[in-house]
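Inspection log for the structure reproduced underneath, given as structure tokens.
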């Protein structure tokens, strides 16, 4: 970062790159560019930059040239390379393939955005023919590395379909010489040691569950269909997997924040740390599915959520004086802010991950561009038994989603946080009835703006927080991210 002026001069020609600004105060002005570069300037330095007088300060010129904030003959090729590296995901084809073996679930979580179906209604189960057609379609992706992630409903309800996909995908991977990994998102309440043995046999390490905090909070949010709380059963399996099966599985837990959660900013991270997790994702709710039906009771404003998030984040930072425990969303944003390469977290990619890095297949083999879109028929792209790969990725819906989520035709274009953020067209559709953003800020946008500002403030103005952030990134890199 540049803090002071120099008496040296330069006469080298240059152009200002496309940039946006955010003023922390009169003498700390953030400059960001579309390829993810950023710098903080003093008031005088910003004046020289804005008025095109960098020839008066060689040091400032050199820093801005190195960052790609200005464009010269010397750095233009580097800017192009940096831009391409940041958007590397555009050249690979979908790598994340989400499969819904069933929409049935034995739970009735208050915020379920999937509109899960009754556990007894087997018409929402995937059959063997559909399972194999999905695998065949997945392997048409040009990507050499594929991830199949099982979601629901509750994915373990239809374990036969899950087994069919895993075993068949392994055969196709061997034949096509592609690499395939598997993740399973499960509430754990239908787990058995026999199922764990199958997953171990097939080297499936990725398990993700949900834990919303202490028992009294978790049991308000995540109940069985019978209205009984699920905390004890889930914690039983968490403890068993993290002890007996610790070497076999990488178990993570997602925390979803409801109105009731706002009173637990310190207790939630403490609970997950107590149970052996390395971090917590303080995930705000999507206002869709059951959450939309109950929003007046369980929802909150962006300001209320951010007040909770900042209190909880500050607690987590204090925890790191003695412990190593991360806030996952913060770490993802730090990767986008501090690394050249996009971490491929599809929710905040631009263009968004829909139909570019991820595809979803429901129990019928219907194809959707992303997880959130699966409950809206308007987003359906085709079917694995009827549609060709080219038809899916060349149709109007796919191209329109990619175009609009690139943000160049939206109000995001001038936002200083835009290089590190992304829009969700499904959320926009749910709020406005169209995927074209109409409002300067929506619920999700207001949260991410404040989140970015908070993280940047910590990076710039707090040495202690900056060191903790860098430690989090170093740990992620050491673990292979």
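In this note's numbering, the protein residues as written are 273 to 753.
Using N, Cα and C, we set each Cβ at its ideal position, and we do this for glycine too.
Excluding the 5 residues flanking it on each side, residue 687 has same chain C-beta neighbours closer than 8 Å at 292, 693 and 721, in chain order.
Between the alpha carbons of residue 703 and residue 564 lies a distance of about 10 Å. With respect to the 8 Å criterion, residue 727 and residue 609 are classified as neighbours on the basis of their beta carbons.
Each of 548, 647 and 691 was checked against the Cα of residue 620, and the nearest Cα belongs to 691.
Contact check for residue 332 against residue 317 passes: the beta carbons are separated by less than 8 Å. Rounded to whole angstroms, the gap between the alpha carbons of residue 475 and residue 567 is 40 Å. The stretch 323 to 337 makes no contact with the stretch 383 to 392; the number of CB pairs closer than 8 Å stays below 3. The beta carbon of residue 299 lies closer than 7 Å to those of 314 and 315 in the same chain, with the five residues before and after it left out. With a threshold of 16 other beta carbon atoms within 10 Å, residue 708 falls short and is exposed. Between the alpha carbons of residue 652 and residue 529 lies a distance of about 29 Å. The Cβ atoms of residue 467 and residue 521 do not sit closer than 8 Å to each other.
If you draw a straight line from the Cα of residue 647 to the Cα of residue 561, it is about 8 Å long. Rounded to whole angstroms, the Cβ separation of residue 366 and residue 628 is 7 Å, and the two are in contact under 8 Å. In the structure shown, residue 417 adopts extended strand secondary structure according to DSSP, grouped into three states. The beta-carbon distance between residue 670 and residue 664, rounded to whole angstroms, is 7 Å. This is short enough to meet the 8 Å contact definition.
Taking the Cα positions, residue 481 is about 25 Å away from residue 440. Assignment of residue 720 by DSSP, reduced to helix, strand and coil, places it in the helix class. Assignment of residue 730 by DSSP, reduced to helix, strand and coil, places it in the helix class. Secondary-structure assignment with DSSP links residue 310 through a beta bridge to 304. Shown here for residue 582: same chain residues with a beta carbon closer than 8 Å to its own, the five before and five after excluded, namely 726 in chain order.
Apart from sequence neighbours up to five positions away, the residues of its chain that approach residue 341 with a beta-carbon distance below 7 Å are 289, 291, 303, 305, 309 and 311, ordered along the chain. Within the stretch 551 to 612, the runs of beta strand (DSSP E) that reach at least 3 residues and sit entirely inside it are, in chain order, 554 to 556. Secondary structure note for residue 701: it is in no beta strand (DSSP E), and the uninterrupted alpha helix (DSSP H) holding it is 697 to 704.
Two segments are said to touch when three or more pairs of C-beta atoms, one from each, lie closer than 8 Å; by this definition the stretch 417 to 425 does not touch the stretch 593 to 604.
Apart from sequence neighbours up to five positions away, the residues of its chain that approach residue 536 with a beta-carbon distance below 8 Å are 485, 486 and 489, ordered along the chain. Here residue 290 carries a coil assignment [DSSP, helix/strand/coil]. Our two residues, residue 700 and residue 715, have alpha carbons roughly 10 Å apart in a direct line. A distance below 7 Å between beta-carbons, with the five flanking residues on each side excluded, links residue 602 to the following residues of its chain, in chain order: 585 and 727. For the set 409, 517 and 507, the Cα lying nearest the Cα of residue 472 is the one of 517. The beta-bridge partner set that DSSP reports for residue 397 consists of 374. In this chain, the beta strand (DSSP E) harbouring residue 482 covers 478 to 482. As for any beta strand (DSSP E) of minimum length 3 sitting wholly inside the stretch 421 to 459, the runs are 451 to 457, ordered along the chain. Burial state of residue 531 is buried, judged by a 10 Å Cβ sphere holding 16 or more other Cβ atoms.
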